[in-house]
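**Student:**
Protein chains in written order, with the numbering used here: chain S, 63 to 338; chain V, 63 to 338.
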């Protein structure tokens, strides 16, 4: 999916919501556990209940790998069920020496139909660039993450600025806003103004709203750019909004609340853009 | 596998060789491509030809994920064939927020029988510590990697020292030499003396010998500690030593050459240790 298509999709759905599909069999409603593939059964109902309210789905590979071959099969079935109308993110946080990163890129971009993979920047250019070499595909590189551990290295001083700022300014030179995004956690709202000076044109993937405590309003006001430029991810706040047989309608209600909060920002930013 | 068991295994086999199993169907000998599971068939012959010459096998997950469910199945069959007598490393370079890192740890330590997972440090403590919470299991954290991209962030100044030194000194406080190792590339030999001051007791996993140009002699002389403290990985230099039907015996010959170069260091360091 191209940047223009993504922006068009945000405008049409009045939403920059990304739904995180991180299924955990300990939390999946009991009535699904008898299904042949309970992970897929769970995802399918969440997808069908939220499809018109979001523009992206993000699958964290950890929640599939922990079920081995069955988990990997559930991941394949899930992305196939989502189809081509959503921006598909493999939240895999990969990154390795060049020839190995190419194998990861093939795994997610060729073997599977993902639009984007999240990438860890620690190993530098040859670990990131292979993900930028596939037409119409994206690398989403970790900038400043939403977890407490961000303080250990990302926020440490590195040559006169925090390490994550060095990452944003260095990595943004390896790609362009049509094939490169950055992860910035919603819990880091105070940093968004500075971040937008470093990467004014790139989309940001923003996790940490909901269970981790980030504010959708604060992000939208501080971090949107003239393309909107945000994908705000909510995982547990949507998928586990309900715990019983009505979990899908509870998920829809939660997603709808986010979409409704997003609509005015979309109207304001992208309607102005059309008029221009 | 415990540290004592690993050292015992190094002593018995006169080897600190780790064989990297990164199968690529474009490089697997043609006569295996007709097998039902050519990746496993390839790995099985390599394992059977090198089992007595190495103490560890390292599987880079990228080379399995790129074949989807079939690749993941080949990975499961491979680790099952290796069994319990070798230190089993999932070279996965994972790392995510706490609850997600726990899912990755379960994937490799519970669902699969790996002894160790390689972990990227960028996201800090809560992304690394979950891998240290499993009895008898190990995190192998990226320190200074063997690729050119190491210059982009790892070698950049961070608070008065290169970032990778900050990673070594910070992360070593999160675990201990019985559950934590570090990756240090063989191409970075000039840094080994300094590294051993920061982490004198930890095992180092050293990739980059062979195809990437690192010297086994230089590593052994500069980076061994009184436990030996090294796992030197060779992937392509062994698995693709031969390209025809005799690939397994070519792999054995290559592994044997490494083992024979290692034997004197093992004799010197671990024999002295017994006498003590």
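Virtual Cβ for every residue (Gly too), placed ideally from N, Cα, C.
So, under 8 Å CB-CB, residue 209 (chain V) and residue 202 (chain S) are touching, yes? Tell me the CB distance rounded to an integer number of Å.
**Tutor:** Here the question's residue 209 (chain V) lines up with position 147 in the second chain. Here the question's residue 202 (chain S) lines up with position 140 in the first chain. Wrong, their Cβ atoms sit about 21 Å apart, outside the cutoff.
**Student:** Is it right to say residue 179 (chain V) is buried, meaning 16 or more other beta carbons lie within 10 angstroms of its own, or is it exposed?
**Tutor:** Residue 179 (chain V) sits at position 117 when you count from the first residue of the second chain. Classification of residue 179 (chain V): buried, given that the 10 Å Cβ count is 16 or more.
**Student:** So for residue 110 (chain S), helix, strand or coil by DSSP?
**Tutor:** For the purposes of this step, residue 110 (chain S) is identified with residue 48 of the first chain, where counting begins at 1. Residue 110 (chain S): helix per DSSP, three-state reduction.
**Student:** Count the other CB atoms, across all protein chains shown, that sit within 10 Å of the CB of residue 306 (chain V); report buried if there are 16 or more and exposed otherwise.
**Tutor:** Start at 1 with the first residue of the second chain, and residue 306 (chain V) comes out as number 244. With fewer than 16 other Cβ atoms within 10 Å, it is exposed.
**Student:** With a threshold of 16 other CB atoms inside 10 Å of the CB of residue 188 (chain V), please say whether the residue is buried or exposed.
**Tutor:** Counted from its first residue, the second chain places residue 188 (chain V) at position 126. That one is buried.
**Student:** Quick one, which of S:177, S:127, S:183 and S:151 has its alpha-carbon nearest residue 28 (chain V)'s?
**Tutor:** Here chain V comprises residues numbered 63 to 338, so residue 28 (chain V) is not present and cannot be evaluated.
**Student:** Can you pull the chain V neighbours of residue 173 (chain S), defined as C-beta to C-beta under 9 Å?
**Tutor:** Position 111 of the first chain, counting from 1, holds the residue named residue 173 (chain S). Near residue 173 (chain S) (Cβ distances below 9 Å), the residues of chain V are 127, 128, 129, 130 and 133.
**Student:** Counting contacts by CB-CB distance shorter than 8 Å, is residue 279 (chain S) in contact with chain V?
**Tutor:** Numbered from 1 along the first chain, position 217 holds the residue referred to as residue 279 (chain S). Not closer than 8 Å to any Cβ of chain V, the Cβ of residue 279 (chain S) fails to qualify, so no.
**Student:** Counting only beta-carbon atoms, is residue 168 (chain V) nearer than 8 Å to chain S?
**Tutor:** Reading the second chain from its first residue, position 106 is the one you call residue 168 (chain V). With 8 Å as the cut-off, residue 168 (chain V) counts as an interface residue toward chain S.
**Student:** Within its chain, find whatever has a CB closer than 7 Å to the CB of residue 255 (chain S); leave out the 5 residues flanking it on each side and keep chain order.
**Tutor:** As a first step, residue 255 (chain S) must be located in the first chain, where it is residue number 193. So the list reads 284, once near-sequence residues are dropped.
**Student:** If the criterion is Cβ atoms closer than 8 Å, does the pair residue 83 (chain V) and residue 66 (chain V) meet it?
**Tutor:** Stepping through the second chain from its first residue, residue 83 (chain V) is reached at position 21. Stepping through the second chain from its first residue, residue 66 (chain V) is reached at position 4. For residue 83 (chain V) and residue 66 (chain V), no; Cβs fall outside 8 Å.
**Student:** Check this for me: beta carbons of residue 328 (chain V) and residue 73 (chain V), under 8 Å apart or not?
**Tutor:** To locate residue 328 (chain V), count along the second chain from 1; it is residue 266. To locate residue 73 (chain V), count along the second chain from 1; it is residue 11. Yes.
**Student:** At a CB distance below 8 Å, what residues from the stretch 185-202 of chain V approach chain S? Give them in sequence order.
**Tutor:** So the list reads 185, 186, 187, 188, 189 and 190, given in the order they occur along the chain.
**Student:** With a threshold of 16 other CB atoms inside 10 Å of the CB of residue 77 (chain S), please say whether the residue is buried or exposed.
**Tutor:** Counting from 1 along the first chain, the entry for residue 77 (chain S) is found at position 15. With 16 or more other Cβ atoms within 10 Å, it is buried.
**Student:** Should residue 262 (chain V) and residue 287 (chain V) be called a contact, given that it needs their Cβ atoms to be closer than 8 Å?
**Tutor:** Position 200 of the second chain holds residue 262 (chain V). Position 225 of the second chain holds residue 287 (chain V). Yes, Cβ-Cβ distance for residue 262 (chain V) and residue 287 (chain V) is below 8 Å.
**Student:** For residue 184 (chain V) and residue 182 (chain S), which I take to be in contact (beta-carbon distance under 8 Å), what is that distance rounded to the nearest angstrom?
**Tutor:** For the purposes of this step, residue 184 (chain V) is identified with residue 122 of the second chain, where counting begins at 1. For the purposes of this step, residue 182 (chain S) is identified with residue 120 of the first chain, where counting begins at 1. 5 Å between Cβ atoms; contact.
**Student:** In or out: residue 333 (chain V) buried (at least 16 other Cβ within 10 Å) or exposed?
**Tutor:** Along the second chain, one-based indexing puts residue 333 (chain V) at 271. That one is exposed.
**Student:** Please report whether the beta-carbon of residue 232 (chain S) lies at a distance below 8 Å from any beta-carbon of chain V.
**Tutor:** Residue mapping note: residue 232 (chain S) aligns to position 170 of the first chain, counting from 1. Cβ-Cβ to chain V under 8 Å: yes for residue 232 (chain S).
**Student:** How is residue 195 (chain S) classed by DSSP in three states: helix, strand or coil?
**Tutor:** Here the question's residue 195 (chain S) lines up with position 133 in the first chain. Three-state DSSP puts residue 195 (chain S) in coil, outside helix and strand.
**Student:** Skipping 5 residues on each side, what residues in its chain have a beta carbon closer than 8 Å to that of residue 133 (chain S)?
**Tutor:** As a first step, residue 133 (chain S) must be located in the first chain, where it is residue number 71. These residues qualify, in order along the chain: 101, 125, 126 and 127.
**Student:** Please name the residue in S:191, S:251, S:271 and S:198 whose C-alpha comes closest to that of residue 232 (chain S).
**Tutor:** Here residue 232 (chain S) corresponds to residue number 170 of the first chain, with the count starting at 1. Out of S:191, S:251, S:271 and S:198, S:191 has the C-alpha closest to the C-alpha of residue 232 (chain S).
**Student:** So is residue 80 (chain S) in contact with chain V if we call contact Cβ pairs under 8 Å?
**Tutor:** Here residue 80 (chain S) refers to the residue found at position 18 of the first chain. Residue 80 (chain S) does not count as touching chain V.
**Student:** Mapping the DSSP letters down to three states, classify residue 92 (chain V) as helix, strand or coil.
**Tutor:** Residue numbering aside, residue 92 (chain V) sits at position 30 when the second chain is read from its first letter. In this structure, residue 92 (chain V) counts as helix in the three-state DSSP scheme.
**Student:** Can you list, in chain order, the residues of its chain whose CB lies under 7 Å from that of residue 164 (chain S), leaving out five sequence neighbours each side?
**Tutor:** The sequence position of residue 164 (chain S) within the first chain is 102, counting from 1. 192.
**Student:** In the DSSP assignment, the beta strand (DSSP E) including residue 153 (chain S) goes from what residue to what residue?
**Tutor:** Translated into the one-based positions of the first chain, residue 153 (chain S) becomes position 91. Element bounds for residue 153 (chain S): 149-156.
**Student:** Where does residue 302 (chain S) fall in DSSP's three states?
**Tutor:** Here residue 302 (chain S) refers to the residue found at position 240 when the first chain is read from its first residue. Looking at residue 302 (chain S) - three-state DSSP - the assignment turns out to be coil, as it is neither helix nor strand.
**Student:** Looking at C-alpha atoms only, which residue of V:317, V:265 and V:96 is the closest neighbour of residue 239 (chain V)?
**Tutor:** Position 177 of the second chain, counting from 1, holds the residue named residue 239 (chain V). Ranking V:317, V:265 and V:96 by Cα distance to residue 239 (chain V) puts V:265 first.
**Student:** Jot down the residue ranges of each uninterrupted alpha helix (DSSP H) in the stretch 237-325 of chain V, minimum 4 residues, whole runs only, in chain order.
**Tutor:** Complete alpha helix (DSSP H) runs here, min 4: 254-260, 278-285 and 298-301.
**Student:** Measure the Cβ-Cβ separation of residue 278 (chain V) and residue 320 (chain V) and say whether it is below 8 Å.
**Tutor:** Indexing the second chain from 1 puts residue 278 (chain V) at position 216. Indexing the second chain from 1 puts residue 320 (chain V) at position 258. Yes, Cβ-Cβ distance for residue 278 (chain V) and residue 320 (chain V) is below 8 Å.
**Student:** Go ahead and pull the three-state DSSP assignment for residue 209 (chain S).
**Tutor:** As a position in the first chain, residue 209 (chain S) is number 147, starting the count at 1. DSSP places residue 209 (chain S) in coil when its eight states are reduced to three.
**Student:** Please list the partners that residue 204 (chain S) has in chain V, where partner means a Cβ-to-Cβ separation under 8 Å.
**Tutor:** Counting from one through the first chain, the residue named residue 204 (chain S) turns up at place 142. Those are 184 and 185, listed as they occur along chain V.
**Student:** Do residue 121 (chain V) and residue 152 (chain V) have their C-beta atoms within less than 8 Å of each other?
**Tutor:** Position 59 of the second chain, counting from 1, holds the residue named residue 121 (chain V). Position 90 of the second chain, counting from 1, holds the residue named residue 152 (chain V). For residue 121 (chain V) and residue 152 (chain V), yes; Cβs fall inside 8 Å.
**Student:** For a contact defined as C-beta to C-beta under 8 Å, what are the partners of residue 208 (chain V) on chain S?
**Tutor:** As a first step, residue 208 (chain V) is located in the second chain; it is residue number 146 there, counting from the start. Result: 159.
**Student:** Measuring only the C-alpha atoms, how far is residue 86 (chain V) from residue 97 (chain V)?
**Tutor:** By one-based count along the second chain, residue 86 (chain V) stands at place 24. By one-based count along the second chain, residue 97 (chain V) stands at place 35. Going by the C-alpha atoms only, they are around 15 Å apart.
**Student:** Going by DSSP in three states, residue 73 (chain S) sits in which element: helix, strand or coil?
**Tutor:** Translated into positions along the first chain, residue 73 (chain S) becomes position 11. In this structure, residue 73 (chain S) counts as helix in the three-state DSSP scheme.
**Student:** State buried or exposed for residue 272 (chain V), treating a residue as buried only when at least 16 other CB atoms are found within 10 Å of its CB.
**Tutor:** The residue given as residue 272 (chain V) occupies position 210 in the second chain. Buried.
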